[in-house]
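Read the structure below first, then the notes.
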Amino acid sequence: MGAGRGAWGTRFGFYLAAIGSAFGLGNIWRFPYIVSENGGGAFVLLYVFLVFLLGMPLLVGELILGRSTRSGVMRAIDMVIEDHPDPEGSKLSRFKWLGVSSLFLCGIVLAYYAVISGWVLHYLSQLTVTAMTGSTFDPFSTLSSLLENGWLQVLLTSVHLLVVIVIVAKDVEEGIEKAVGYMMPVFVALLIVLAVKSLSLPSAPQAMRFLLYPDFSSLSMNSLAQAVGHVFFTLSIGFGMMVTFGSYLSERAYIPIAGFRVAAMDSFISIFAGILIFPLVMVGHQPATGPEMLFKSVPVLFNSFNGGLLFGFGFFICLYLAALGASIGLLETIVSNAREALGFRRVRAVWLSGGVCFIIALLPALSSSVFQGFDFKGKGLLEVLDGLLINWGLPVAALITSQVVLYKLSDSKKRNAFEDPDSDFHETEKIYNHWVFALRWVVSPVIGLALILQIISLF
Ligand code: PHE
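Residue 4 is where the sequence shown starts when you use the working numbering, and the numbers rise one by one after that.
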């Protein structure tokens, strides 16, 4: 996607990029540990319900906002509020700040995403060393030595950010994102094979009961906000990224179906990650919890069968590529908005935003060493940052965008997105009405309730 406003070559290209960016550490790393913190099955049910109830309408809304303004989130919101039809028109007004909140989230998420991507890089290098020396891989000592060494984390984080910066600065991410898209089926196949292996463990029935049996008494005041936040994080909603993606969509693309497919694929992958991980969590010496869960549990499987290390290597390569795809999407969103709104040159915008992300990343990278003493209600710095961003920041940002789409974008533009030029399907009016109903009467009240419950739980 170059300087001008590009377009997706094919419909398939859009799906690859949208699903590729939705699919990331959120599905494989974050979903299982959030589920375990919230007691299992009931939370999974709540999450799936919210994917379709909130996630899908919001995803469709962001794509429509992008396509009808042909702009990134800052200029799009500004144009719609000011009722300004020309994307290249006058200077941005004070409303541009509404979109800035999304970009701010992109920057912070990229920073802490880079830290976890650094962990993945570390595992890849340690798996290589283990394979070369013929020893067994010990995930517990691999992780604890990394966590104790804050500067190693800073180094790995900067390696990841540098890779992302170089790719986005050279404007070659289209190729990389395609590669990430093509790697996804491989990753899904790998997940399925590993999940089947994991299901053959003696702990599997107990794990499946935990994951799939809804025990509503295990939900807490915070669970709704955690579920809402995770739905937004995993579907990349509230970051302004889907607005940018929508701005590259052709007039012929049928947005509602696109929203449904992205949401369905993404939650399917998360559930598979859960099926893979939970039997392993329950088999370990000490059940893993928190952000370390994936890194401690899945490698246990790699030691348990012949050729397991090779699978392990494949798993972490795919995970890294997924993280890379998401990181590129995040930086690209910041850069394209900065260029549109501030007129920055590409390379300058990339290095500047990448540099700011690096500075922010120092906090999570040093959270388990220099800032180890930090404790808020039993949570470390990384988890507190994660919670602030995802459970507070994202719902607010998504709410702002959805209200702009609902009340400021003209009816004809919205309705237009529900006409499918390639079919004589007559239900479009009905689907449109359902969508507006969901945005007006479901999305805002549920987000509001989640935030209120979360505030109450603080006291
Ligand atoms: N959706 C990604 C995930 O699940 C995270 C992400 C958010 C990526 C926003 C890009 C933009 O990991």
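All residues carry an ideal CB built from backbone N, CA and C; glycine is no exception.
The structure presented is a predicted model; accordingly, all values stated were derived computationally and were not measured.
Between residue 272 and the set 319, 27 and 62, the nearest pair of CA atoms involves 27. The C-beta separation of residue 124 from residue 162 comes to about 6 Å, placing the pair in contact by the 8 Å criterion.
Residue 280 holds the alpha-carbon nearest to the alpha-carbon of residue 196 among 375, 284 and 280. Residue 205 counts as exposed, since fewer than 16 other beta carbons sit within 10 angstroms of its beta carbon. Between residue 35 and residue 296, the beta carbon gap of about 6 Å places them in contact (Cβ cut-off 8 Å). Nearest C-alpha to residue 158 among 441, 70, 368 and 372: 368. Annotation for residue 154: the continuous alpha helix (DSSP H) segment containing it runs 153-172. Here the alpha carbons of residue 385 and residue 353 stand approximately 25 Å from one another. Rounded to whole angstroms, residue 118 and residue 170 show a C-alpha spacing of 18 Å. Shown here, residue 382 sits in a strand according to DSSP, grouped into three states.
One thing to note: residue 364 has its Cβ no nearer than 9 Å to the Cβ of residue 155.
The Cβ-Cβ distance between residue 340 and residue 82 does not fall below 9 Å. In this structure, the ligand PHE has a non-hydrogen atom nearer than 8 Å to the beta-carbon of residue 109. Residue 183 has its CB no nearer than 8 Å to any heavy atom of the ligand PHE. Residue 249 is positioned such that its CB atom lies closer than 9 Å to that of residue 70.
In the DSSP annotation of this structure, residue 445 is not part of any alpha helix (DSSP H), being labelled neither H nor E. Excluding sequence positions up to five before and after residue 109, its CB lies within less than 6 Å of the CB of 242, 333, 336 and 337, all in the same chain and listed in chain order. Straight-line measurement puts the Cα of residue 201 at about 7 Å from the Cα of residue 283. Ranked by how close their Cα comes to the Cα of residue 276, the residues 343, 263, 232 and 301 have 301 in first place. The nearest non-hydrogen atom of the ligand PHE is less than 8 Å from the C-beta of residue 33. Listed in chain order, the beta strand (DSSP E) runs fully inside the segment 209-289 amount to none, counting runs of at least 3 residues. The Cβ neighbour count for residue 444, taken over all protein chains shown within 10 Å, is under 16; the residue is labelled exposed.
Excluding sequence positions up to five before and after residue 233, its CB lies within less than 6 Å of the CB of 37, all in the same chain and listed in chain order. Under the three-state reduction of DSSP, residue 139 is assigned to coil, being neither helix nor strand.
CA-to-CA, the gap between residue 446 and residue 374 works out to about 37 Å. When C-alpha distances from residue 44 are compared across 398, 214 and 303, the shortest belongs to 214. At a Cβ-Cβ threshold of 9 Å, residue 421 and residue 258 count as neighbours. As the crow flies, the alpha-carbon of residue 435 is around 15 Å from that of residue 68. Approximately 6 Å separates the beta-carbon atoms of residue 392 and residue 111; this is inside 8 Å, confirming the contact. Around the beta carbon of residue 139, fewer than 16 other beta carbons sit within 10 angstroms, so the residue counts as exposed. Each of 20, 21, 227 and 31 was checked against the Cα of residue 278, and the nearest Cα belongs to 31. In this structure residue 246 is buried. Its beta-carbon is surrounded by 16 or more other beta-carbon atoms within 10 angstroms.
For residue 332, the distance from the CB to the nearest heavy atom of the ligand PHE is below 8 Å. By alpha-carbon distance to residue 253, the top candidate from 72, 377, 47 and 285 is 72.
Here the segment 138-152 makes no contact with the segment 398-406; the two share fewer than three CB pairs at distances below 8 Å.
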